[in-house]
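Input: a single structure, listed below in structure tokens.
Residue numbers (this note's numbering), protein chains in the order written: chain A, 1 to 538; chain B, 1 to 262.
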């Protein structure tokens with residue numbers, strides 16, 4: 001039987017701001033996140049700069065009986081780091097060193113503190129700035145030198161979460177994913193190891209494969225020799241992208257439980273992420289098709305076409321393209337949205353990667369694929385150069401930005417108005433059924449919407465833009481009904497944004513009460529006093 | 001209508017950093033791009049060809065073999081042909097020698113219109129377009145922001161001035177330099193990219209265009225760059241803060257008088 005024995009660590013005093021005026025003026029932004037949820041105040045904010053200080057902060061809070069949130073890049077949109085119902089914030093932004101780079105039989109990896117941003121990590125790997133790694137062993141330092149000297153070798157963290165300002169700690173805590181999740185999966189499978197610091201300040205460095213559950217149970221070994229079992233509920237996880245609740249599986253790895261736990265089970269002082277070779281050439285193609293039916297056929301054909309392996313398959317419905325055109329017109333020459341050709345229809349983004357020869361060769365089957373749905377290479381926007389790919393990425397990200405901007409204007413006139421954004425995924429076989437469900441609901445309710453996102457994973461975001469509060473109520477009702485249907489189809493109510501505070505009602509649609517109670521039981525084992533992330537997840 | 005577009009490959013200035021010790025550009029690892037103003041010239045040429053319904057757009061550039069990537073990029077957005085002027089004899093050219101070389105090459109081609117971007121973002125001289133017109137003894141209109149009418153005989157264009165817009169009727173053939181307000185460049189299609197990859201790029205040497213090697217390149221350049229440096233940072237200035245606007249004005253006048261500027 002595997003036994004986990006977190007060890008007490010020598011804690012250090014951690015910088016802490018208690019002055020309320022200073023918190024209100026200087027650290028106001030830490031009181032909220034991108035979900036726009038905000039707390040009015042907290043009693044203190046800790047700023048640890050190493051694992052010992054993080055442990056010290058948590059031990060102090062445990063002694064005081066106070067609750068806290070673990071704040072990182074604050075890019076989440078479900079409110080998991082907004083310190084509502086929390087007394088304190090532990091800000092992990094100061095733990096921002098890239099500690100090590102290494103290589104083993106499974107490939108390359110980096111070890112980073114949680115406050116390293118994805119943008120920093122990408123830049124350090126691209127520029128090969130790895131000569132100062134404070135946590136690297138002699139072997140790891142040699143691996144870094146070898147990588148820096150190898151002009152042919154390019155590495156990346158391939159998951160490609162949308163928001164590059166996100167911190168790796170948050171990315172792991174939320175099992176983040178992105179467009180390339182179609183090919184590479186979500187963050188979970190790229191986590192090699194973790195240094196977890198628990199609510200009582202004890203820490204555990206664990207690598208994948210070292211601690212496994214026996215069936216549905218882990219066993220904690222305590223300092224006095226006693227054992228605490230951690231029993232998990234027998235739950236059938238959706239066979240899709242899923243960030244709804246804890247990840248649970250028989251004989252699972254402890255890492256898989258901690259990844260995606262949204263700051264409720266532990267803090268991460270270090271994360272070890274696997275890397276892979278960056279393709280020599282990437283071809284991004286935005287293809288226009290007549291309508292949604294053709295887009296669905298294109299996606300189905302793309303998924304079964306053996307001649308091409310796609311990195312990403314994304315969708316933009318007719319309303320999303322129209323919204324971008326409208327936004328571009330409104331913003332005038334200052335708009336960063338690229339010129340959209342006079343396309344009429346929907347668009348599917350397809351990404352291919354490989355050697356230059358491979359991407360070039362893929363153009364022929366790609367032409368056949370587009371031909372299969374009556375589209376052509378003329379009705380495409382292709383990008384291969386770095387700048388062109390950036391422009392395409394900007395275009396894709398402009399859709400939610402345009403939605404937020406429009407809804408922001410409406411909310412200025414109607415307080416309390418907000419968009420309803422879904423984040424649900426279904427298995428491949430249910431793709432058409434879920435689209436029919438969305439279209440029927442939107443038409444019957446007469447609501448403005450845009451549909452976009454990760455259609456390759458049957459995971460599109462339906463963003464509803466209510467015009468008034470009665471439409472908002474209708475949209476909420478629709479969302480709840482959709483959630484029930486998505487679960488019936490074997491899908492997940494939260495595929496990548498997590499549950500946080502805002503989607504807890506959705507989690508109740510995903511699992512029966514006894515499963516949720518079982519998840520609460522897991523939480524109680526890791527954090528008996530309920531000190532971490534109060535009100536988050538379950 | 002046959003349109004020639006002169007383009008330049010430049011370092012992507014959004015990525016350029018300055019070496020603080022030598023005050024020179026660090027070009028290592030910096031991508032090369034088509035001079036952004038030239039992309040508007042390319043787009044306008046393609047739009048004119050589409051509007052007129054006949055003719056050919058040719059891009060031409062002077063530089064080392066790696067400029068081929070810029071020419072292929074132009075081919076991917078609807079340009080029909082690309083010509084690269086590449087010869088060691090062209091190296092080290094200033095704006096005079098560059099415009100003379102381009103004009104010499106243009107004389108060997110048939111055209112109704114020459115389009116250039118208003119200036120290149122690396123040198124910012126805005127001299128090559130007008131230089132080409134002078135060497136070819138053709139009418140030139142700089143800072144064109146709109147092509148109202150165009151035929152093989154004449155064109156009516158709008159020119160962006162600091163204080164308004166000037167409408168100019170010009171006899172063809174002519175040379176226009178364009179500003180970014182003229183259009184929004186299109187995005188390349190996959191078909192365009194594939195065509196561009198396979199397209200043949202014609203390379204011409206000094207001998208091919210019958211250039212006099214004494215008049216081009218470094219030898220033919222009457223100017224040279226002695227030093228490139230970043231301008232000194234401006235100091236923050238002084239804010240005049242008083243209760244009322246008249247007080248601010250009064251103190252401003254006093255200051256200007258003190259400085260003998262009023």
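Here a beta-carbon is modelled for each residue, glycine too, at the ideal position from N, C-alpha and C.
* Bounding residues of the beta strand (DSSP E) (the contiguous stretch that carries residue 315 of chain A) -> 310-316
* Asked: From residue 33 of chain B to residue 73 of chain B, what distance separates their C-alpha atoms?
  -> 9 Å
* **Close beta carbons around residue 324 of chain A, own chain, < 7 Å, minus the five adjacent residues each side** => 337, 340, 398, 399, 402
* Do residue 172 of chain B and residue 146 of chain B have their C-beta atoms closer together than 8 Å? -> no
* Three-state secondary structure (DSSP) of residue 233 of chain B -> coil
* To do: Tell whether a beta-carbon distance below 8 Å holds between residue 450 of chain A and residue 320 of chain A.
  => yes
* Minimum Cβ-Cβ distance from residue 1 of chain A to chain B less than 8 Å -> Reliability of the predicted coordinates at residue 1 of chain A is poor, the pLDDT of 41 falling under 50, and no value is obtained from them.
* Asked: Does the beta carbon of residue 187 of chain B come closer than 8 Å to any beta carbon on chain A?
  -> yes
* Which chain B residues sit within Cβ distance under 9 Å of residue 155 of chain A? -> Under the 9 Å cutoff, chain B gives no residues; its nearest Cβ is about 17 Å from residue 155 of chain A.
* Asked: Does DSSP classify residue 179 of chain B as helix, strand or coil?
  -> coil
* To do: Helix, strand or coil for residue 263 of chain B, going by three-state DSSP, please let me know.
  => What the structure shows of chain B is the stretch from 1 to 262, and residue 263 of chain B is not part of that stretch, so it cannot be assessed.
* To do: Say whether chain A places a C-beta atom closer than 8 Å to the C-beta of residue 197 of chain B.
  => yes
* Asked: When you compare each of A/332, A/299, A/329 to residue 316 of chain A by their alpha carbons, which one comes out closest?
  -> A/299
* Spatially closest choice to residue 136 of chain A from A/270, A/161, A/32, by CA coordinates -> A/270
* Helix, strand or coil at residue 268 of chain A according to DSSP, with G and I counted as helix -> strand
* Asked: chain B partners of residue 387 of chain A, CB-CB under 9 Å?
  -> 12, 14, 31, 33
* Just reading off the alpha helix (DSSP H) that residue 479 of chain A is part of, what are its end residues? -> 469-488
* Using a Cβ-Cβ cut-off of less than 7 Å, list which residues of the stretch 367-380 of chain A approach chain B; keep chain order. => 377, 378, 380
* To do: For chain B, find out if any of its Cβ atoms is closer than 8 Å to the Cβ of residue 285 of chain A; answer yes or no.
  => yes
* To do: Count the other CB atoms, across all protein chains shown, that sit within 10 Å of the CB of residue 106 of chain A; report buried if there are 16 or more and exposed otherwise.
  => exposed
* Indicate whether the contact test is met: 3 or more Cβ pairs, each with one atom in the stretch 68-75 of chain A and one in the stretch 159-169 of chain A, closer than 8 Å. => yes
* To do: Could you tell me the distance, in whole angstroms, from the CA atom of residue 65 of chain B to the CA atom of residue 159 of chain A?
  => 37 Å
* Asked: Of all Cβ atoms in chain B, is any one closer than 8 Å to the Cβ of residue 196 of chain A?
  -> no
* Would you say residue 382 of chain A faces chain B, with C-beta separation under 8 Å as the test? -> yes
* With a cut-off of 8 Å, does the C-beta of residue 190 of chain B fall near any C-beta of chain A? -> yes
* To do: Verify the CB distance criterion: does residue 107 of chain B have a CB-CB separation below 8 Å to chain A?
  => no
* **is_contact[residue 314 of chain A, chain B] using C-beta, thresh 8 Å** => no
* **residue 454 of chain A in three-state terms, based on DSSP** => strand
* To do: Would you kindly work out how many angstroms separate the C-alpha atoms of residue 329 of chain A and residue 514 of chain A, rounded to a whole number?
  => 52 Å
* To do: Entirely within the stretch 389-416 of chain A and at least 4 residues each: give me those alpha helix (DSSP H) ranges in chain order.
  => none
* To do: Report the rounded CA-to-CA distance for residue 204 of chain A versus residue 395 of chain A, giving the unit in angstroms.
  => 42 Å
* Give the single residue among A/322, A/43, A/57 whose Cα lies nearest to the Cα of residue 13 of chain A. => A/57
* Let me know if residue 69 of chain A comes out buried or exposed under the rule of 16 or more other beta-carbons within 10 Å of its beta-carbon. => buried
* Asked: Of the choices A/218, A/240, A/229, whose alpha-carbon is the least far from that of residue 253 of chain A?
  -> A/218
* To do: Please classify residue 59 of chain A: does DSSP put it in a helix, a strand, or coil?
  => helix
* List the residues of chain B that residue 360 of chain A touches, going by C-beta distances under 9 Å, in chain order. => 194, 197
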